[in-house]
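Worksheet: one structure, shown below.
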Amino acid sequence: MKHFAAESLVQALKTLHQQGVIPEVPAHLDFDRPRQVEHGDLASNIALLLARSAGLPPRNLAERIREALPDSPWIKRVEVAGPGFLNFFLHPVALQRVIAEVLTARKDFGRQSLGLGQKIHLEFVSANPTGPLHVGHGRGAAYGASLAELLRYAGFEVFCEYYVNDAGRQMDILAASVFLRYVEAARQSLPWPFPASAYRGEYVCEIARGLYEREGKGFLFALEGAPDLTGYADGDQAIDALIAHLKSVLGEEAYLRLHGAGLQEILADIHADLEDFGVRFDHWYSERTLMASGAVHAAVQALEAAGFCYEEQGALWFRSTAFGDDKDRVLRRENGAYTYFASDVAYHYEKYQRGFTGFIDMWGADHHGYIPRVRASLEALGLASERLEVLLVQFANLYRGSEKVSMSTRAGEFVTLRQLREEVGNDAARFFYVLRRADQHLDFDLELATRHSEENPVYYIQYAHARVHSLHRQGSERGLAEATELPDLTLLTEPKELELAALLWRFPEQVRSAALDREPHQIAFYLKDLAASFHTYYNATRILVEQPQLRWARMALADAVAQTLANGLALLGVSAPTQM
RNA sequence: GCGCCCAUAGCUCAACCGGAUAGAGCAACGGCCUUCUAAGCCGUAGGUUGGGGGUUCGAUUCCCUCUGGGUGCGCCA
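Under the working numbering, the first residue of the first sequence is numbered 15, with each subsequent residue one higher.
Here is the structure:
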């Protein structure tokens, strides 16, 4: 919609530039959408911005600009207001035109071509496969999936990846936990109480039972000679001792089967859970594979070759402080094993070699301390660290009424994403997750979400969409003819109709802005606005009137609203039902 | 202690990278169903944008400071 005023304004500014009134024509013009109708459809503050360099009072300059504006079929009138704003009042034709545009473009109304061949790598969720996804992961999943859709719609090529932390100690702890439950599944009692540092969730028992059914008592012998876990003061030491024992008595092959039993089952569960949630990845990147391929070794060597490494106390350190980090970081431990950070360096190094133009990492907000060191590693490797964008997603706190639900993966006390979806439904869950900015804490009250499920804002928007389809059904029942071609849109002269049309023009701009800001919530808020505006119109104005031309024009407007709602909901992964 | 994020109506949140009189939803109060779905609409009330300074035509937005929350500071992942 801004283009209606922008063309004229550029012309006017060029004229004034030629006359020597202003030193230069700004490269970029921005318009505001005034809150007040008296301030027109579009407002420009250009006179306020150029007043100083032009040496003119803002209002005088605004008046000069106004006089220099060429006639335009789209602009009804322009006013100078306030401290020097130029308020553009558009001709109704400019507003009505959007309806034809929506009905021509259909699913593509709002689609942008901002990407210009840019390929963006988007990494999100990447939860450790040590248990089912919980409500915190759900937020990252919903946010990432919506952002991916949004970026694609804005014209970027997007590659979604889940980084699977399938190596490392947490997975070993899972394997040990599975083993302990396996012993129980075989009706053997443990010589000591189930250790506190092991995973206690019910899913571990299920995995263990499956393992027992497949493998029989084949792993039971490993219980013999197991260290006395009660003998350790520290729970972490106890579980590590057990892990070491299992690795040595089972041997590499059998231990891997035990390890894999948990990993594969949990990964499959996460995959299915996300799939059901409408969240799909192009690739699941295994940390294990990364290490096995030698990529970690290669990345560390590259850092060494670049001259940013040193050895101290038997460990290999990366001099990240050379790039602004708080302290240097260990890459390879005294015991020869690479750190998690080393894998991360390798993973990002490898990402950069895959030909993407930009990278977006979506991390839990508690990982923000990692940003400086990852950036440092990229810079040390001679890579453009500014091409990596890290989006931090704040926690989702769960409440039952006023009581906070404490969640701990280890203790198995958490509400899973699946439970949440079953309680409130996919649509409501997807919508609620992206209803607030990612950098805001999200308080999700389960009780409220269940109790007021029919009051969810998502239904409000879906209802608006369904109402349009209901109009078609109603019209057909009454034997009213539908339009066979684009009706005369100039019949739409009601203020509410023009307001709705103006709102439709805003959608493409909102897509652009939401994509560039990486803020899907902008779309959610826009849809609420559009739905509200339509409900108001629906209540105030009869659409299925006798007069065919007017009826068709109003139905065209309603169709355009429904299409835009559907397009926006699709970006958020929410369905657009034709009937409630 | 140091770093990062946050603070807006009673509650949950917006505010188009500095714009005009800070907006929605819920909760509260009062209206609207013999007329296209009342999962809806209309109206009323609700604010010193945590406090205090500064920058300028103009600040919720940028800078400083204080207060109050969150989070991070491992040879864990």
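Note that CB positions come from ideal geometry on N, CA and C, so glycine has one too.
Residue i versus residue j - alpha carbon distance
i: residue 225; j: residue 591; result: 43 Å
i: residue 65; j: residue 114; result: 39 Å
i: residue 13; j: residue 244; result: No answer is possible for residue 13: the residues shown for the chain start at 15 and end at 594.
i: residue 232; j: residue 255; result: 21 Å
i: residue 562; j: residue 501; result: 9 Å
i: residue 97; j: residue 498; result: 49 Å
i: residue 122; j: residue 484; result: 23 Å
i: residue 357; j: residue 262; result: 25 Å
i: residue 201; j: residue 169; result: 58 Å
i: residue 410; j: residue 460; result: 12 Å
i: residue 239; j: residue 205; result: 11 Å
i: residue 317; j: residue 339; result: 16 Å
i: residue 11; j: residue 50; result: This structure cannot settle anything about residue 11, because the visible part of the chain is limited to 15 through 594.
i: residue 529; j: residue 119; result: 20 Å
i: residue 159; j: residue 533; result: 12 Å
i: residue 36; j: residue 511; result: 39 Å
i: residue 365; j: residue 133; result: 12 Å
i: residue 496; j: residue 488; result: 11 Å
i: residue 69; j: residue 372; result: 42 Å
i: residue 470; j: residue 542; result: 11 Å
i: residue 31; j: residue 18; result: 21 Å
i: residue 105; j: residue 58; result: 17 Å
i: residue 457; j: residue 413; result: 7 Å
i: residue 482; j: residue 516; result: 19 Å
i: residue 480; j: residue 291; result: 22 Å
i: residue 257; j: residue 463; result: 42 Å
i: residue 89; j: residue 521; result: 21 Å
i: residue 100; j: residue 375; result: 41 Å
i: residue 363; j: residue 312; result: 10 Å
i: residue 524; j: residue 39; result: 26 Å
i: residue 555; j: residue 486; result: 16 Å
According to DSSP, residues forming a beta bridge with residue i
i: residue 430; result: 148
i: residue 133; result: 171
i: residue 330; result: 325 and 346
i: residue 270; result: According to DSSP, residue 270 bridges with nothing at all.
i: residue 352; result: 346
i: residue 297; result: 175
i: residue 102; result: 56 and 92
i: residue 233; result: Answer is none; residue 233 lacks a bridge partner.
i: residue 407; result: 378
i: residue 46; result: 57
i: residue 304; result: Note: residue 304 sits in no beta bridge, so no partner.
i: residue 402; result: 373
Proximity below 8 Å, CB of residue i to CB of residue j
i: residue 329; j: residue 346; result: yes
i: residue 102; j: residue 135; result: no
i: residue 287; j: residue 146; result: yes
i: residue 178; j: residue 298; result: yes
i: residue 575; j: residue 518; result: yes
i: residue 360; j: residue 310; result: yes
i: residue 564; j: residue 494; result: no
i: residue 264; j: residue 272; result: yes
i: residue 293; j: residue 472; result: no
i: residue 506; j: residue 567; result: yes
i: residue 430; j: residue 148; result: yes
i: residue 277; j: residue 380; result: no
i: residue 176; j: residue 447; result: no
i: residue 193; j: residue 260; result: yes
i: residue 221; j: residue 275; result: yes
i: residue 322; j: residue 389; result: no
i: residue 632; j: residue 191; result: Look at the range of the chain in this structure, 15 to 594, and you will see that residue 632 is not part of it.
i: residue 9; j: residue 449; result: The first residue shown for the chain is 15 and the last is 594, placing residue 9 beyond what the model contains.
i: residue 579; j: residue 544; result: yes
List, from N- to C-terminal side, the beta strand (DSSP E) runs of 3 residues or more that fit wholly inside the stretch 142 to 176. none
Enumerated in chain order, which unbroken segments of the alpha helix (DSSP H) with a length of 4 residues or greater are wholly contained in the stretch 467 to 543? 471 to 491 and 509 to 531
Does the contact criterion of 3 or more C-beta pairs under 8 Å hold for the stretch 575 to 589 versus the stretch 476 to 491? yes
Are the stretch 429 to 448 and the stretch 152 to 167 in contact at 8 Å, needing three or more beta carbon pairs? yes
For the stretch 207 to 264, list the alpha helix (DSSP H) runs that are entirely contained and at least 4 residues long, ordered along the chain. 216 to 229
In the stretch 551 to 586, which residue ranges form an unbroken alpha helix (DSSP H) of at least 4 residues, counting only runs that do not cross its ends? 562 to 586
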